[in-house]
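Residue numbers (my numbering): 55 to 280.
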Ligand SMILES: Cc1cc2nc3c(=O)[nH]c(=O)nc-3n(C[C@H](O)[C@H](O)[C@H](O)COP(=O)(O)O)c2cc1C
């Protein structure tokens, strides 16, 4: 399964955050359309659309410490969205950088690792569907399951049924299956935390030898070769 990943980056080569963001995209095999916005600023319509994708108001995306911010009168509280956007396009130095657009989503590369969120786009889920198709074509009966997300918020707990896609896996799925195929996106050179978290809850299955002799396979989707 091959896929072309294409991002547009509004880049300032003199900015270390912008350079680090570009490097991260390149390391993850994302083809980049580099816009040096100080030389070729976005149009007003384009910047308006970018702000909507970012969910930010114009001033949230401004470098208020730049001399141009005050010199161009952009600190005037009476300016509306349209006037602020016009001011940003005319004084591109005040636009925060780098901005990355990919798959209809946008992020500001502060920190540069923000761009990694653009790389979560269901590649592993798409592969899992193809794997399940193969199992069915070979006469098996594929049962697709997904691990619940791990929340950085201690209070959060996943709903019993996911909003979309395969149901959450439960330990009895592991007991009942005749074979197992695990898939995970690469996350910093490892499997994704939710899968690792789930596997660490399977001690009883391991101690009881429940999975012994079941055929197993694994697949992964990563940005670059490992
Ligand atoms: C937090 C995070 C860390 C990542 N780390 C790596 C990595 O170490 N190596 C790599 O090649 N890709 C890495 N990627 C890119 C993903 O593995 C890649 O985009 C994958 O296809 C995403 O699959 P998904 O769409 O199922 O989430 C990372 C992505 C994220 C979000």
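Don't be surprised by glycine CBs; every beta carbon is placed ideally from N, CA and C.
- DSSP, reduced to helix, strand and coil, places residue 143 within a helical segment of the structure shown.
- Inclusion of residue 277 in the 7 angstroms shell around ligand 1 follows from its C-beta lying nearer than that to a non-hydrogen atom of the ligand.
- One Cα belongs to residue 140, the other to residue 127, and the distance between them is close to 12 angstroms.
- Apart from sequence neighbours up to five positions away, the residues of its chain that approach residue 81 with a beta-carbon distance below 8 angstroms are 277, 278, ordered along the chain.
- One alpha carbon belongs to residue 75, the other to residue 87, and they sit about 13 angstroms apart.
- Residue 275 is bridged by DSSP to 239.
- Nearest to residue 151 by alpha-carbon distance, out of 250, 89, 197, 262, is 89.
- In the DSSP assignment, residue 149 falls outside any alpha helix (DSSP H) and carries neither an H nor an E.
- Going by beta carbons, residue 118 and residue 85 fall outside the 8 angstroms limit.
- By the neighbour-count definition (other C-beta atoms within 10 Å, threshold 16), residue 97 is an exposed residue.
- Under the 8 angstroms Cβ criterion, the segment 267 to 276 counts as touching the segment 219 to 236, having at least three qualifying pairs.
- In this structure residue 113 touches residue 138 by the C-beta definition: roughly 7 angstroms separates them, less than 8 angstroms.
- By the Cβ rule, the segment 156 to 168 does not count as touching the segment 141 to 148, because fewer than three pairs are nearer than 8 angstroms.
- Relative to ligand 1, the nearest heavy atom lies less than 7 angstroms away from the CB of residue 178.
- Burial is judged here by how many other beta carbons sit within 10 angstroms of a residue's own beta carbon; residue 215 has fewer than 16 and is exposed.
- Taking C-beta atoms as the reference points, residue 146 and residue 95 count as a pair closer than 8 angstroms.
- DSSP, read as helix, strand or coil, puts residue 116 in strand.
- One alpha carbon belongs to residue 107, the other to residue 169, and they sit about 14 angstroms apart.
- In summary, residue 239 is buried, with 16 or more beta-carbon neighbours lying within 10 Å of its beta-carbon over all protein chains present.
- Runs of beta strand (DSSP E) with 3 or more residues, each lying fully within the segment 58 to 99, are found at 60 to 65, 85 to 90, listed in chain order.
- Taking a contact as a CB-CB distance under 8 angstroms, the pair residue 180 and residue 198 does not count as one, their CB atoms being some 12 angstroms apart.
- Nearest C-alpha to residue 73 among 103, 163, 99: 163.
- Residue 220 places its beta carbon less than 8 angstroms from that of residue 200.
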